[in-house]
Amino acid sequence: MLAVHVILSAISVPVVVHAVVLGLTHSVPELRESAHARVGRIAVAAWGLSLFLGLVTYVMLNHIYGWVPRGGEAALLLAVVGPSIRR
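Structural data, given as structure tokens:
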């Protein structure tokens, strides 16, 4: 589920940017002749599914399973995140 979320996130960004650029640079009659509606539907579907999967992943990792670092995991987490906390 996390892999699908990451892949959809990466794919949806250029599609959303393309749809927004089409919408901002063309008039309404020109948009009817372009791929704006089709690209927009794909962008909304990909971005919406990615958002949903991201929220489900967050809830599962932080609230359902309640991951708490133990022993060596805590030391590793502190070594990775610690320097950025001190800034």
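Quick note on numbering: this note's numbering labels position 5 of the sequence shown as 80, and the sequence is numbered without any gaps. Note that the Cβ used here is the ideal one computed from N, Cα and C, for glycine as well.
Are the Cβ atoms of Ser-125 and His-93 separated by less than 9 Å? no
List, from N- to C-terminal side, the alpha helix (DSSP H) runs of 4 residues or more that fit wholly inside the stretch 80-149. 103-108 and 111-134
Distance, Cα to Cα, Met-76 vs Val-91? 22 Å
Here's the rule: buried if 16 or more other CB atoms are within 10 angstroms of the residue's CB, otherwise exposed. What is Ala-110? exposed
Assign Leu-99 to one of two classes, buried (16 or more other C-beta atoms within 10 Å of its C-beta) or exposed (fewer than that). exposed
So, at 6 Å on beta carbons, what are the nonlocal neighbours of Val-119 in its own chain, with the 5 sequence-adjacent residues on each side left out? none
Reference Ile-86; option with closest CA among Met-135, Val-96, Gly-123 and Leu-97: Gly-123
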